[in-house]
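Visitor: Got a structure for you, questions after.
Number of protein chains: 2
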Amino acid sequence: MSKATIRDVARKAEVSVATVSRVLNNHPSVSPFTRQRVMDAIRELNYSPHPIAQRLSLGRTETLAVVVPLFTLPSFVERLRGVQKVLSHSGYDLVLFNVDSPHQRDEYFATLATRARADGILVLSIPPSDEDAERFLAAEVPVVLVDAYHPQLSSVYIDDVEGGYLATRHLISLGHRRIVYLSEPLNNPLEFGPMKKRLQGYRKALAEEGIPFDPTCVVEAEPGREAAYHAARALLARRPPPTAVFAACDTHAIGVLDAARELGVRVPEALSVVGYDDIPDAAYLNLSTVHQPLFETGRLGAELLLTLLQGNGGKSAPIHRRLPVELIHRATTAFAPTDV
Amino acid sequence: MSKATIRDVARKAEVSVATVSRVLNNHPSVSPFTRQRVMDAIRELNYSPHPIAQRLSLGRTETLAVVVPLFTLPSFVERLRGVQKVLSHSGYDLVLFNVDSPHQRDEYFATLATRARADGILVLSIPPSDEDAERFLAAEVPVVLVDAYHPQLSSVYIDDVEGGYLATRHLISLGHRRIVYLSEPLNNPLEFGPMKKRLQGYRKALAEEGIPFDPTCVVEAEPGREAAYHAARALLARRPPPTAVFAACDTHAIGVLDAARELGVRVPEALSVVGYDDIPDAAYLNLSTVHQPLFETGRLGAELLLTLLQGNGGKSAPIHRRLPVELIHRATTAFAPTDV
DNA sequence: GCAGGGGATGTAACCGGTTACATTAAGGTA
DNA sequence: TACCTTAATGTAACCGGTTACATCCCCTGC
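So the protein lines, in turn, are chains Z and G. First residue of the first sequence: 1, per the working numbering; consecutive thereafter. First residue of the second sequence: 341, per the working numbering; consecutive thereafter.
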């Protein structure tokens, strides 16, 4: 049925394939009469051009690769929505590459560093190595990092040091001194960006107020509410217990709330909790948190990529956009208990 | 750099392109000596075959299309994970098509009904029309529906009538009589499957117990917690108020909990709430709900599609797999208040 | 009358692989 | 020695588009 080729159309319209191609691509130098004949033939044969053949011929893939850590980060959905919104009407196919191990990341980065695989690459939350970056540059394939940073590659990201700083200062200003920083593993091979930066912000805020840094107040837990719950139980059993927890992601914060409720520790009276990300659940649970524009970073990242694709081949200097974060004060933070 | 072609390799190894191609495809009739020479040339030139050219030549796209309602359904993520898990090592590219309007659905379905676009199609939660199905069959492109049903297309789905029945019977067995069914719009152009089926199950359970069906007990709200919250406020203001709400998705159920808390209506003492889907939040909130295997449907759907692709060209009869649902009794349902 | 210009169209090479078929050389058999 | 088989490799057509360049025709201007 739809196996008609451009030559079939040419035969039917009694013109050459070149002319048919010109009609398809709205080339000006086709007479209205001929154009009409070709259009008729196209309709009669129910013809539509073969995308793969077009791609080969044009030397483009008409494809954009989106590399995401699908399994590890819940925030990816919001970002992906932002990306999708922009790309859906761009004419590019959106190919999803899921990364759930360092090995897979390396594999994808290596194979994508070829113009033949994708015309452009959008990487969500996975920082590439210097070697990866070099390869991308050598291949001259436009890359945009979202929620990740590399000096040589364009990116849209947030200031995680600032976010950590805001959250911690908020707690300090409420009188807290024993503040735990709870994060996902800091040396996770897939994660060496945000969590460490947020810790930096935490330390900066402490230092500013002259509060000594206590290494036992930095606690790591595997991703997920469950792991945070267990970590929090251990924390709340300490004597004296911390009066506040700054969780480096909302999911962890929710796990902390979980543990507090179960142990009868009242939030925010006895324990303040701040999260990070402002995922939809955070609003529902009235969680104080650091808002980062998830959808927005996705959207801007995609737009930036399209801009790079317009420009002639990624030769220009990388463009970096840092988006602001904001502390959202909801119901899980309050003045520190006075028994200090 | 990576612009070496198969002819460059052939020249370097002093063989013909056919031989190089044979080496690439592990064709048996290549002498070990020649094979080694070719391999060396490939390595030296850092050659890798051009995927688009391969696809054109082979007449396959090496691509699978996944059509999802990204913006409307939160459950899609879990399903997509299941899909991704299976496809990531299949060698196929996964191209995402997001549908957020009937128009877009029609457009995608029309363009995908061509072998040239994708070797196979996985559709999540969007029932195709008879016309669409005909086109897919005519194009002989394998299609698997997940969480949707069409007699002529293979599918993996759950029994929504049963789910609605289970939820309602659960409430009835606890003594409830004024049970509201709260769902997303039943005539949403993108949604004419599950919500209506769950309603059928609801009515079936009522009928079995001889409880008259009250049309005012069927309430529709737009997707999202917010809309459900407002609908629930109106419901709880009725005199007498319903003693139970069966929400056709967990997000709605959470909106109901929201409203109840705000109005001081105790759950489950004064109001029982049952959700549907068992999204991760449901466990956290201790929501009684109907569990449907989200990840599992995605996984099985993808596996089924791969099976169809193995088989010679989708000529066979459609395969339907119905997965069981299960009522999860948590903390938001209890015996009806005795003031009835 | 003829050179020159420009619009409309056709011819054929090209993108980079795969593969049917042809060709060559080597080994085995009568 | 002549003949057949089989393994290894090469030649060239093909997948279905795009487009540089050639060609043809018609009109204008000197």
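Every residue gets a Cβ at the ideal spot worked out from N, C-alpha and C, and that includes glycine. In this text, all values refer to a predicted model and were calculated from it rather than measured experimentally.
Can you check whether the C-beta of N438(G) is within less than 9 Å of a C-beta belonging to chain Z?
Guide: It does; some Cβ of chain Z falls within 9 Å.
Visitor: What in chain G is Cβ-close to I121(Z), meaning under 9 Å?
Guide: Simply none; closest approach about 14 Å.
Visitor: How about D160(Z): is its C-beta nearer than 9 Å to some C-beta of chain G?
Guide: Taking Cβ atoms only, chain G never reaches closer than 9 Å to D160(Z), which makes this a no.
Visitor: Enumerate in chain order the residues of its own chain whose CB-to-CB distance from A561(G) is below 6 Å, with the five nearest sequence positions on each side excluded.
Guide: Cβ within range, chain order: A567, A568, A571.
Visitor: Determine which residues share a DSSP beta bridge with I498(G) and list them.
Guide: For I498(G), which the question treats as bridged, DSSP gives the partners L663(G).
Visitor: Count the CB pairs spanning the region 410-427 of chain G and the region 79-96 of chain Z that are closer than 8 Å, and state whether there are at least three.
Guide: Contact between the region 410-427 of chain G and the region 79-96 of chain Z is present, because at least three Cβ pairs lie under 8 Å.
Visitor: Return helix, strand or coil for G533(G), following the three-state DSSP convention.
Guide: In this structure, G533(G) counts as coil in the three-state DSSP scheme.
Visitor: Which bits of chain G does D277(Z) rub up against, with CB to CB less than 8 Å?
Guide: None at all; the shortest Cβ gap to chain G is about 15 Å.
Visitor: Can you pull the chain Z residues whose beta carbon is under 8 Å from the beta carbon of Y624(G), in chain order?
Guide: Within chain Z, the residues near Y624(G) are R225, I254, D258.
Visitor: Tell me which residues share the same chain as I179(Z) and place their Cβ nearer than 7 Å to its Cβ, disregarding the 5 neighbours each side in the sequence.
Guide: Only T168, L171, C217, P242, A244, F246 meet the Cβ criterion.
Visitor: Given this structure, state the Cα-to-Cα distance separating A322(Z) from P142(Z), to the nearest angstrom.
Guide: Residue 322(Z) is actually Arg in this sequence, not Ala. When rounded, the distance between both Cα atoms is 19 Å.
Visitor: Does any CB atom of chain G fall closer than 9 Å to the CB of I52(Z)?
Guide: Yes, I52(Z) lies at the interface with chain G (some Cβ there is under 9 Å from its Cβ).
Visitor: Cβ closer than 7 Å: which chain G residues qualify as neighbours of L70(Z)?
Guide: What L70(Z) touches in chain G: R421, Q424.
Visitor: Going by the CB atoms, is the gap between A456(G) and I345(Z) shorter than 9 Å?
Guide: Chain Z is shown from 1 up to 340; residue 345(Z) falls before or after that span and cannot be answered.
Visitor: So, does the CB of S88(Z) fall closer than 9 Å to a CB anywhere in chain G?
Guide: At least one chain G Cβ lies under 9 Å of S88(Z).
Visitor: For chain G, find out if any of its Cβ atoms is closer than 9 Å to the Cβ of S48(Z); answer yes or no.
Guide: Closer than 9 Å: yes.
Visitor: Keeping to the same chain, check which residues put their C-beta closer than 6 Å to that of L603(G); ignore five residues upstream and five downstream.
Guide: Cβ within range, chain order: L576.
Visitor: With C-beta atoms as the reference, is D250(Z) less than 9 Å away from P194(Z)?
Guide: For D250(Z) and P194(Z), no; Cβs fall outside 9 Å.
Visitor: Name the one or two DSSP bridge partners that I465(G) has.
Guide: The sequence shown places Ser at residue 465(G), rather than the Ile named in the question. Paired residues: none, contrary to the question.
Visitor: Sorted by chain position, which residues of the same chain lie with C-beta nearer than 8 Å to P127(Z)'s C-beta, five sequence neighbours on each side aside?
Guide: So the qualifying residues of the chain are L145, A148, Y149, H150, F192, G193.
Visitor: Between the beta-carbon of A110(Z) and the beta-carbon of L182(Z), is there less than 9 Å?
Guide: No, the pair does not count as a contact, with Cβ atoms beyond the cut-off.
Visitor: Assign A18(Z) to buried or exposed, taking buried as 16 or more other Cβ atoms, counted over all protein chains shown, within 10 Å of its Cβ.
Guide: Exposed, since its Cβ has fewer than 16 Cβ neighbours within 10 Å.
Visitor: With a CB to CB cut of under 7 Å and the five nearest residues on each side skipped, what residues in its chain are close to E162(Z)?
Guide: Excluding sequence neighbours, E162(Z) sits near G201, V325.
Visitor: Any chance you could list the beta strand (DSSP E) runs of at least 3 consecutive residues sitting entirely within the region 502-533 of chain G, in chain order?
Guide: List check, beta strand (DSSP E) in window: 519-523.
Visitor: Could you tell me the alpha carbon to alpha carbon distance between G120(Z) and S129(Z), rounded to whole angstroms?
Guide: The straight-line gap from Cα to Cα measures roughly 18 Å.
Visitor: At which residues does the alpha helix (DSSP H) containing L364(G) begin and terminate?
Guide: Run containing L364(G): 357-364, per the alpha helix (DSSP H) assignment.
Visitor: Report yes or no: is there a C-beta of chain G within less than 9 Å of the C-beta of G314(Z)?
Guide: Because the pLDDT at G314(Z) is just 49, under 50, the model does not fix this residue reliably, and the point stays unresolved.
Visitor: Chain Z partners of T401(G), CB-CB under 9 Å?
Guide: Under the 9 Å cutoff, chain Z gives P51, I52.
Visitor: Using a C-beta to C-beta distance shorter than 7 Å, which residues of chain Z count as neighbours of A456(G)?
Guide: Going along chain Z in sequence order, the residues near A456(G) (Cβ under 7 Å) are H50, P51, I52.
Visitor: Buried or exposed for E184(Z), please, with buried defined as at least 16 other CB atoms from any protein chain shown within 10 angstroms of its CB.
Guide: The residue is buried, with at least 16 neighbouring Cβ atoms inside 10 Å.
Visitor: Run down chain Z in chain order and give the residues with a C-beta less than 7 Å from the C-beta of R301(G).
Guide: With chain G covering only 341 through 680, there is no way to say anything about residue 301(G).
Visitor: Step through the CB atoms of chain Z and report whether any lies within less than 9 Å of the CB of L649(G).
Guide: It does not; no Cβ of chain Z falls within 9 Å.
Visitor: Could you check which residue in A13(Z), S75(Z), H291(Z) has the C-alpha nearest to that of G164(Z)?
Guide: Nearest C-alpha to G164(Z): H291(Z).
Visitor: Can you list, in chain order, the residues of its chain with a C-beta nearer than 7 Å to that of L24(Z)? Leave out the 5 residues immediately preceding and following it.
Guide: So the qualifying residues of the chain are P49.
Visitor: In angstroms with no decimal places, state the Cα-to-Cα distance between H320(Z) and L153(Z).
Guide: Computed Cα separation, rounded: 8 Å.
Visitor: Just to confirm my understanding: we take P552(G), look at its own chain, exclude 5 residues before and 5 after, and list those with CB closer than 8 Å. What are they?
Guide: Contacts found: L546.
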